[in-house]
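Since the structure comes first, as structure tokens, the remarks are kept for the end.
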Amino acid sequence: MKSPFKFLDSYTKDDREIFFGRDSEIEELYQRVFDSKLLLVYGVSGTGKSSLIHCGLANKFQETDWLPLVIRRGGNIIESIASAIKAVSITEQQSKFVSPGDFKKAVRSLYLDHYKPVFFIFDQFEELFIFGDKEERRSFIHIVKLLTESDLQCRMIFVMREEYMAGITEFEKSIPTIFSNRVRIEKMSHRNALDAIKEPCKVFNINIEEGFAESLLEKLSPGETDVELTYLQVFLDKVFRLATGFVPPLGGELKGGSSPGGKEGGYSLSFTLELLQKIGNVSDLLGSFLEEQISLLDNPDQGLAILKSFVSVKGTKRQMSPEEVADYAQTLGKPLKETYLQELLQSFINLRILRDKDENGRYELRHDALATKIYEKITLVEKEVLEIRQFIENAYSNFEKRKIYLEPDDLSYIAPYEDKLFVNKKLSDFIDLSKKKILVKKRAFIRTLSYSAAGFLIILISIVIYSFRSNITAKSEELSTEAFLQNGFSPSLSFQTALNAYIKDTTSTIAIKSLFDAFYAMLDNGPYHDTLGNILDPQKAIFDFTPCNSKIKYARFSEDGKYIFGFLEDNTINVWDIKGKLIFSKREDLNPVVTLKLSPDNNHIAAAYFDSTTVFWNLNGEIIYKSEIVFDPLNPLDVIDFCPDKNIITVIDSSRQIIVFNLDDSSHYKLEGQATKVNGAVFSPDGKYIASASKDSTVIIWQYNDSSGYYEKVNRLKGMNSIVWSVDFAQNSKYILCVTDSIEYPVTIWKLTGNDVFEKRFYNDTIEKRYLTMAPNNYYGRYFSAEFTANDEAIKISTFNDKLSLSQEMIFDPSVKYKGFDHHRIIYSRESYHLVPMNKYLKWYGVNRKGQALDPANQFKYSYSFVDVSSKYIASNISGTNYSALIRLDRLPIRKFNGIQPIFSPDENYLLCIDGRNIKLYPVDEKELIKLTTSDSIFGELDTDLAKWRHFLKDF
16 MKSPFKFLDS YTKDDREIFF GRDSEIEELY QRVFDSKLLL VYGVSGTGKS
66 SLIHCGLANK FQETDWLPLV IRRGGNIIES IASAIKAVSI TEQQSKFVSP
116 GDFKKAVRSL YLDHYKPVFF IFDQFEELFI FGDKEERRSF IHIVKLLTES
166 DLQCRMIFVM REEYMAGITE FEKSIPTIFS NRVRIEKMSH RNALDAIKEP
216 CKVFNINIEE GFAESLLEKL SPGETDVELT YLQVFLDKVF RLATGFVPPL
266 GGELKGGSSP GGKEGGYSLS FTLELLQKIG NVSDLLGSFL EEQISLLDNP
316 DQGLAILKSF VSVKGTKRQM SPEEVADYAQ TLGKPLKETY LQELLQSFIN
366 LRILRDKDEN GRYELRHDAL ATKIYEKITL VEKEVLEIRQ FIENAYSNFE
416 KRKIYLEPDD LSYIAPYEDK LFVNKKLSDF IDLSKKKILV KKRAFIRTLS
466 YSAAGFLIIL ISIVIYSFRS NITAKSEELS TEAFLQNGFS PSLSFQTALN
516 AYIKDTTSTI AIKSLFDAFY AMLDNGPYHD TLGNILDPQK AIFDFTPCNS
566 KIKYARFSED GKYIFGFLED NTINVWDIKG KLIFSKREDL NPVVTLKLSP
616 DNNHIAAAYF DSTTVFWNLN GEIIYKSEIV FDPLNPLDVI DFCPDKNIIT
666 VIDSSRQIIV FNLDDSSHYK LEGQATKVNG AVFSPDGKYI ASASKDSTVI
716 IWQYNDSSGY YEKVNRLKGM NSIVWSVDFA QNSKYILCVT DSIEYPVTIW
766 KLTGNDVFEK RFYNDTIEKR YLTMAPNNYY GRYFSAEFTA NDEAIKISTF
816 NDKLSLSQEM IFDPSVKYKG FDHHRIIYSR ESYHLVPMNK YLKWYGVNRK
866 GQALDPANQF KYSYSFVDVS SKYIASNISG TNYSALIRLD RLPIRKFNGI
916 QPIFSPDENY LLCIDGRNIK LYPVDEKELI KLTTSDSIFG ELDTDLAKWR
966 HFLKDF
């Protein structure tokens, strides 16, 4: 009789009738697989990831809707992809499967064969990080990038254990969206597990005694709310065998027919509570099973050596051929005859410990749960020997591709284990050849040392003379000048020349400016084509943004730089990924948005509205929290805030109260202590403190108490003698910045020393010169907000002047009166930012105290109303225009960009600007320009033919 339970096997498409308890996960997978060309499915071992894909998701598709190619790494993931494509191709593949372009052609041919979207399913994907080398991963990344960015009907699903998710970060540089579409598979809840027990029994007409399923789950996971699916299936398999009278071996093949009926030979099958009592202790079902089966073998040590060969040095299962098994057994000092090895392999297959060989002749353990148990039996010495062997195999694989031998340090690492290693001839020869190569190098080095002192001095003097004659800086400047001249003739040639100048002197700002000029000239030109003749759009490769229906009023990067969020003139709130794809959009009401914040984990977004309400959503569009708020129209920026390391928020709820709300369980409590209205409350970057600013001229510091789980008042900052409009922490959480109505000291810095001791720091403080050496000029108007820049190197101050009209030259004219208090100006644009660098005067940055760039040629002589600062540049919105200027810290103007409100990305590689209904993302780091042009090839193959340029000069 056939069992309705799978033991250690994954469910397949044919198991649809007995697959229960996973409806919500199946539906989520089906929806997510169409959200992007890439889907990452992860979870801990034993959560049923493979079954969800191969049974649950597979049965959501009609045969005509998809062409699934299930791929395991095997010996090499590139070869496995090629084999999978060939296996299902109708037309003989002409591709050599060497370059990413070969795979693109092959997938296109495959699609034309079947006219179905191709789905690559990479099961056990962690094997790439356990067994693959850097070259294999690099090649795979290039293939994935090309296929997913092409117009092919092709999608990819990566199924892996979550403890190896860190390996995926290697993909992010080339495929920034790799983490954008992901599903975490959790353990099955007891409620769903009841369906997984009862429903297959109904299909097979097995009677279940009342309370049996509940008692089984309690016995398997006492006191828990979820269950390990692996052990649930193993347990049910054992119950089934007891019920049928076929007990040993666990997981072995049952005798009899394959009918799903519960009546066989005149009896009815039932699962009873009495059966559970007979089973006894279930704490180590698999461990006991393995011990029992190994002990029954004629030679238990050799049998265990075979099983150990199927476990990686990380404790996961691995695919092995019989030859590789024999090699590993030899490495462990357990040589095997071929006939006996085949007998043992077949025995383990019959016991359902091993899967039968696949199309590549490789066997593997049925589940990682077995690998974990076997790994426990591998001794420390054996682990070390196996690690050494895998190290040698990886080095040999690298040698085959790049002819790189073992280095002296590598041989020293291997040496203590050489007498314990039993490697095949090719690996042994590789080690010997590496030793010979090192010996040759040593002899050559000794010969060099034997040169006479006179000869050595001659060489040394020659090097010194050559160094004096070589002026690298001069050569770099010469190349930079040539690059400027070439720009109008051939931007691509200009870029190559500028790159050569930069390589010679990476500190040359002239070389960097020539790189910028050439790159953006190429970006304005075109068209460009790849090697296959396909048209390339470099701008879309950088940022593929669809214009909004209304003007964008505000846009910022998320804290990790992976998302952009903002709101429009019609009060629509949007979130885009870093490639420009819209992933969230909400328009709550017609009231103006006054402030907007995205949580540090990018899972929630919050908006405050002019009608004194605030709304928090998750990125699925569900409202998590909604409340009334109180704010002053002069500065609504800090009335809501997210905690950096806890899933909690602050909301200014009434005139003197701050609500601390937990987004996980919807619990909340109030912080009270300010004598008058609270203007803002913000978290410190380390999450330990909240600082609240009030009209009572004080700031209260609240510290998180780990014992109580609440923020508690630990200090009150006094002595500012005026309304405190805003408060901000430095990124290192050691300094607190306050803005007041004070004429003498509008901006105050406090130093946090320890957990509850605070010392006052003003602009004229000689002790803390690093922070401020000059006070901003009150000429620009009333201060309402100030904040540290992302690198703590400067302070940005927001001003509002109800008397002064900001002209291009910033000339004071007392006769000019401002038309009134413009809420929209304050709410939407945070006008009139002025840079106050720490320990440096504005003129040192090429900007005078009026906000004007100091450039003799007047090329960039403008006043600035919005400023951001990176470690290399200042970006400034030019007042009265739709342009932003990028100025290097050595005062060299680099470029003007379309758009306002310039903001640097957290990694400082890009500059974000708002241009009407568009967001512009500009590369502003020289290394990023080089990467986009060379590694990413956004312009395709560049024409850098010097002959044409020289011919042009000759004619000229």
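To convert a position in the sequence shown, counted from 1, into my numbering, add 15.
Virtual Cβ for every residue (Gly too), placed ideally from N, Cα, C.
CB contact below 8 Å: residue i versus chain B
| i | result |
| --- | --- |
| G595 | Absent from the structure: chain B. Only one protein chain is present. |
Distance between residue j and residue i (C-alpha atoms, nearest Å)
| i | j | result |
| --- | --- | --- |
| S899 | P938 | 14 Å |
| A556 | V85 | 30 Å |
| D922 | H544 | 30 Å |
| L290 | L235 | 14 Å |
| V739 | K728 | 18 Å |
| K293 | A258 | 11 Å |
| P659 | F698 | 7 Å |
| Y282 | F186 | Unreliable placement is indicated for Y282, whose pLDDT of 48 sits below 50; no coordinate value is reported for it. |
| K202 | L244 | 7 Å |
| Q867 | L901 | A caution first: Q867 carries a pLDDT of 40, below 50, which makes its placement in the model unreliable, though a value can still be read off. Rounded to the nearest angstrom, the two C-alpha atoms are 13 Å apart. |
| F558 | L583 | 19 Å |
| R88 | L351 | 27 Å |
| D930 | K601 | 21 Å |
| D373 | H69 | 17 Å |
| S642 | Y726 | 21 Å |
| D653 | L686 | 16 Å |
| I810 | E802 | 6 Å |
| L597 | N589 | 7 Å |
| I705 | T587 | 30 Å |
Delimiting residues of the alpha helix (DSSP H) encompassing residue i
| i | result |
| --- | --- |
| M537 | T524 to D539 |
| L957 | Note, L957: premise wrong, no alpha helix (DSSP H); not H, not E. |
| E306 | L300 to S310 |
Close beta carbons around residue i, own chain, < 6 Å, minus the five adjacent residues each side
| i | result |
| --- | --- |
| F200 | Contrary to the premise, residue 200 reads as Ile rather than Phe in this sequence. Hits under 6 Å: G58, T62 and K64. |
| S60 | R176 and D383 |
| N137 | First, the amino acid is wrong: residue 137 is Phe here, not Asn. Contacts found: I86 and F173. |
| L494 | T512, N515 and A516 |
| V249 | L300 |
| D756 | S737 and I738 |
| E941 | I527 and L530 |
| L957 | S507 |
Option in the options with minimal Cα separation from residue i
| i | options | result |
| --- | --- | --- |
| D316 | K392, I156 and V729 | K392 |
| A623 | P615, V608, N635 and A121 | V608 |
| S741 | S722, I715 and D721 | I715 |
| G688 | E239, A513, L732 and F657 | L732 |
| Q718 | F112, F799, M735 and P700 | P700 |
| A972 | K911, C753 and D585 | This structure cannot settle anything about residue 972, because the visible part of the chain is limited to 16 through 971. |
| Q501 | S886, F534, H69 and H129 | F534 |
| E402 | T959, A570, V328 and I673 | V328 |
| S95 | Q108, F112, A745 and E107 | F112 |
| K332 | L347, L907 and R381 | R381 |
| S709 | S682, F510 and I673 | I673 |
Range covered by the beta strand (DSSP E) that runs through residue i
| i | result |
| --- | --- |
| L284 | Neither: L284 is in no beta strand (DSSP E) and is coded neither H nor E. |
| I687 | A small fix is needed here, since residue 687 is Glu in this sequence, not Ile. Residues H683 to E687. |
| P938 | N933 to P938 |
| T755 | Y750 to T755 |
| V608 | V608 to L613 |
Neighbourhood of residue i by C-beta, 7 Å cutoff - its chain only, sequence neighbours within 5 removed
| i | result |
| --- | --- |
| W81 | K131, P132 and F134 |
| K452 | Y420 |
| R31 | C70 and N74 |
For residue j and residue i, believed in contact at Cβ under 8 Å, the rounded distance
| i | j | result |
| --- | --- | --- |
| N196 | L55 | 7 Å |
| Q4 | E379 | Absent from the structure is residue 4, since the part of the chain shown begins at 16 and ends at 971. |
| A696 | I667 | 6 Å |
| L53 | T192 | 7 Å |
| T804 | D721 | Contact flag wrong, Cβ pair sits at about 31 Å. |
Contacts around residue i, its chain only, beta-carbon distance under 8 Å, and the 5 residues preceding and following it disregarded
| i | result |
| --- | --- |
| L360 | I321, P337, V340, L369 and Y378 |
| K441 | Y411 |
heavy atom of the ligand ATP below 7 Å from residue i C-beta
| i | result |
| --- | --- |
| P350 | In terms of ligand content, the structure shown is empty, and the ligand ATP therefore cannot be addressed. |
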